[in-house]
Amino acid sequence: DRIEDPETRRIELLEREIPDSYKEEAKHVSSISGEDTVKGFKFLAGVKAINEDDLAELYLNTTWRPALAITGADNLPPTSKAGNVVRDSTTLRVSIRLPPGVESTEALEKVKEVITKDVPNDAKVELLEPSTGDGWQMKDLSEKTTKVLNDASDAFFTKPCGKYGIGGSIPFLKVLGDKYPSTEILALGVLGPDTNAHAPNETIDLPFTKKFLGALSHILPGLV
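Quick note on numbering: the UniProt record's numbering labels position 142 of the sequence shown as 142, and the sequence is numbered without any gaps.
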């Protein structure tokens, strides 16, 4: 609760002001993807996504607002063997996705301060081997590139092109952007809810991939 509000799921400690242009982009992107933004995920019956009734806000939650996930735990016994005993320690692996423009090293110091200050009963809290990476924000594209992307999207998907941001744990894009500030970088792919990226049964949607490859074959010569 010191990091994330349990009701709103917001992490105001690490938020930044969202540029108005990207709020408008969120409306545009959500108008293209529509309800597929939510339907692609296999929620249990009756379960709703946060801000499901406002797709633009839902999009901003996944791009321009930080998010926290507990990805692992140590020293917790399996439920089949757990008993009424006191553990000497508990270790959690926590991942926090940061929006572009928030310095990861500064964010780490803020998190460290809030979880180690005034701990109940003077319990000991340690951060073990933290790692950081900054988020990447694509620069505004030239008119030529924008036209090529829209033409390819219209030709193969019968829809205008949309820029879709997502937290992907790939901070090397920020490194490349800093190293080549005048270069336009496009991060493209076929990742989706059912692709199981970096997991068992990793797969791709073949019809979509064929369209994507067709669009890519249109884009590359158009940018030469």
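For every residue, glycine included, the Cβ atom is placed at its ideal position computed from N, Cα and C.
Is L58 closer than 7 angstroms to N51 when the C-beta atoms are compared? yes
Assuming A73 and L92 are in contact, meaning their beta carbons sit under 8 angstroms apart, how far apart are those beta carbons, in whole angstroms? Your pair A73 and L92 checks out as a contact, with CB atoms roughly 5 angstroms apart and the cut at 8 angstroms.
Would DSSP call D178 helix, strand or coil? helix
Looking at the unbroken alpha helix (DSSP H) that takes in D20, where does it start and where does it end? Note, D20: alpha helix (DSSP H), D20 to S33.
Report the residue from L68, E25, K211 and T195 whose alpha carbon sits nearest the alpha carbon of residue 235. Any question about residue 235 goes unanswered here, given that the chain covers just 1 to 224.
Report the residue from H28, R65, K23 and S31 whose alpha carbon sits nearest the alpha carbon of D5. Among H28, R65, K23 and S31, the Cα nearest to that of D5 is on R65.
Distance, F41 Cα to L98 Cα: Distance between L98 and F41, taken at the CA atoms: about 22 angstroms.
Same chain, Cβ closer than 8 angstroms to S142, five either side skipped, listed in chain order: E184
Restricting to Cα atoms, I'd like to know which of K48, S30, N84 and E35 is closest to L60. Distances from the alpha-carbon of L60 to those of K48, S30, N84 and E35 put S30 closest.
Endpoints, beta strand (DSSP E) assigned at I96: For I96, the enclosing beta strand (DSSP E) has its first and last residue at T91 to R97.
Candidates G177, V125, T63 and G222: closest to K139 by CA position: G177
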